[in-house]
Structures are given as C-alpha cells and as structure tokens.
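Going by the numbering used here, the first residue of the sequence shown is number 1, and it counts up by one from there.
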Amino acid sequence: MRPDNVTTTMDEKVQETGKTGFQWEDPRSWFARLPLVYLFMFLVAVYIFSAHRAENKVREIQNLQAGLTELKWEYTSLNSNWIYSSTRSQVAEKVAPLELKWTSRAPILIEATKRSN
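Laid out in structure tokens, this is it:
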C-alpha cells in the first residue's frame with residue numbers, strides 16, 4: 001500500500017482505476033495538453049482572420065463591380081453622343097458659322113512635279 005502524501009503518475013492511475021485516455025477531473029492532464037490547446041486557439045484565430053479578410057474582399061469586389069457598371073453606362077453614353085455628333089448633318093451644323101458647306105464635287109488632286117536642275 002502507498003502512503004497518501006506521494007503523488008501518483010498517470011501510468012499508476014491507469015493501473016489503479018483501469019481507465020485510459022483523458023481524465024476530466026485531473027488538472028495535470030489539462031496542463032499536459034496546453035500546447036495542443038494553444039495550437040487549436042491559434043488555428044481558430046487564423047480561421048477567423050481569414051474569414052474576415054475574405055468577407056472584406058467580397059464586399060470590395062461588389063463595390064468595384066457597381067462602379068464598373070456605372071463606368072460602362074457612361075462609356076456607352078459618351079460613345080453614342082460622339083457617333084451622333086460625327087454624322088454629316090451634325091458636322092454641317094457645327095461648321096455653318098464658318099461658312100463651310102458640303103460640296104457635291106470630288107476633291108481636286110494637285111500633283112507636284114519635280115524640277116530638274
């Protein structure tokens with residue numbers, strides 16, 4: 001028989017009680033597993049950080065997509081206005097104050113001849 005003031009090891013406890021594995025009532029078993037608990041806490045913190053960052057990225061992408069849609073609308077509007085303003089009738093209206101008019105004749109081709117010295 002053992003004296004009461006001597007501490008028992010885990011192997012002796014298993015032999016005495018016949019139980020193996022994690023013992024909830026033994027505080028030493030908690031301290032023995034602290035590195036594993038710290039690792040688990042670190043992994044949970046990394047998971048939370050990763051989820052938070054991914055959520056922010058998704059929100060940023062959605063904002064950029066909305067801005068891109070507005071820019072596409074603006075581009076389409078400006079492009080259609082430019083095409084309309086470059087039609088023959090619009091150009092004629094814009095150059096009317098300069099007294100320029102459309103002609104029905106073909107342009108005259110001017111050829112330069114080379115002088116021989």
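The beta-carbon is built from N, C-alpha and C at its ideal position, and this holds for glycine as well.
According to the DSSP assignment, ILE83 belongs to the alpha helix (DSSP H) that extends over 34-85. Assigned with DSSP and collapsed to three states, ALA112 falls in coil, not helix or strand.
Going by C-alpha positions, MET41 is about 44 angstroms away from GLU70. Per DSSP, reduced to three states, the secondary structure at LYS94 is helical.
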